[in-house]
Amino acid sequence: MILDKIVNHKKVEVEKQKQEESLDDLKRIIKGRDNTKNFKAALKDQGMSLIAELKKASPSKGLIRDDFQVVEIAKEYEQAGARSLSVLTDYEFFRGSLNYLSEVREAVELPLLRKDFIIDPYQIYQARAYGADAILLIVAILSKEELAEYLSIADDLDLDVLVEVHSRKELNIALEIDTEIIGINNRNLKVFEVDLATTLGLQRLIPDDKVIVSESGIRNRNDIELLSEHRIDGVLVGESLMKSNNITAKVQELINS
Ligand SMILES: O=P(O)(O)OC[C@@H](O)[C@@H](O)c1c[nH]c2ccccc12
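Heads up, the sequence shown is in the numbering used here, so the first residue is 1201 and it goes up one at a time.
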């Protein structure tokens, strides 16, 4: 399964990174960082909030966008009306980079989500040091104890957390650890199929005080309208924006009701 492969690779990668840049180095960088921007508030703003993703490639699609000028695209997303940005930082499977995160941080005011496979607390400090305002935690790859521990580290660093679920069982764990922002991933990471019905089915089980994001496979206005009939605060969109040759027009198609 691809997730196992990614996690195994990530463990090796993180150990290597720790040799190059220690936790103390990261803590020193964090001291010089500005306060974080409010990712959760950006999601709660009126109407459907768009989290626009910077994603060059993926394991399911291969290369998605050749002309990947990360700073230019980030600025275009911001000007077109995205409320926050998701920056893929995994290189091996998504051709992302931590440097993209810090470059985008310098270029836009929007809150930034570090999109990666977090399996070690070190990566949470790394996210903050490189300019993230929020991190993704994937329930499928962490124990409940790890989730709780990572949430509290993120909280100490003033990072918001998007907790990603794909099934009822995973959602129950997310509810038990009492996280504020729940992401429902429409993509089945075992077979890579996407189905917005995943969001529609699971959102009914989520208490009113949570912020809900629908992730993956959102392509057009119709999809947004379908989701808008339900209690969804935001959508996380990568591929359909990255594949567009007019990003501004595509963002506006998605957000203008
Ligand atoms: O490109 P899409 O289908 O619009 O999906 C975006 C985002 O949801 C997807 O990239 C994603 C969701 N969860 C993840 C976890 C890791 C890496 C990537 C992801």
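Where a beta carbon is used, it is the ideal one built from N, C-alpha and C, also for glycine.
This one's a predicted model, so the numbers in the text were calculated from it and none came from an experiment.
Excluding five sequence positions before and after residue 1237, the CB atoms of its chain that fall closer than 6 Å to its own CB belong to 1311 and 1333, given in chain order. Ranked by Cα distance from residue 1248, the options 1218, 1314 and 1423 are led by 1423. Contact annotation: residue 1308 and residue 1274 have beta-carbon atoms nearer than 8 Å. Note on residue 1413: 16 or more other CB atoms within 10 angstroms of its CB, so buried under the neighbour-count rule.
Sequence-distant Cβ neighbours of residue 1260 in its own chain, meaning closer than 6 Å and more than five residues away, are 1392. Boundaries for residue 1401: no beta strand (DSSP E) harbours it, while the alpha helix (DSSP H) harbouring it runs 1397-1403, taken from the DSSP string.
Distance between residue 1359 and residue 1335, taken at the CA atoms: about 7 Å. Around the beta carbon of residue 1265, a 10 Å sphere encloses 16 or more other beta carbons of the protein chains shown; the residue is thus reported as buried. Set against 7 Å, the gap from the CB of residue 1434 to the closest heavy atom of ligand 1 is not smaller. The alpha carbon of residue 1346 has as its nearest neighbour, out of 1201, 1373, 1433 and 1390, the alpha carbon of 1373. Distance from the CA atom of residue 1325 to the CA atom of residue 1226, rounded to whole angstroms, is 6 Å. Sequence-distant Cβ neighbours of residue 1395 in its own chain, meaning closer than 8 Å and more than five residues away, are 1386, 1388 and 1417.
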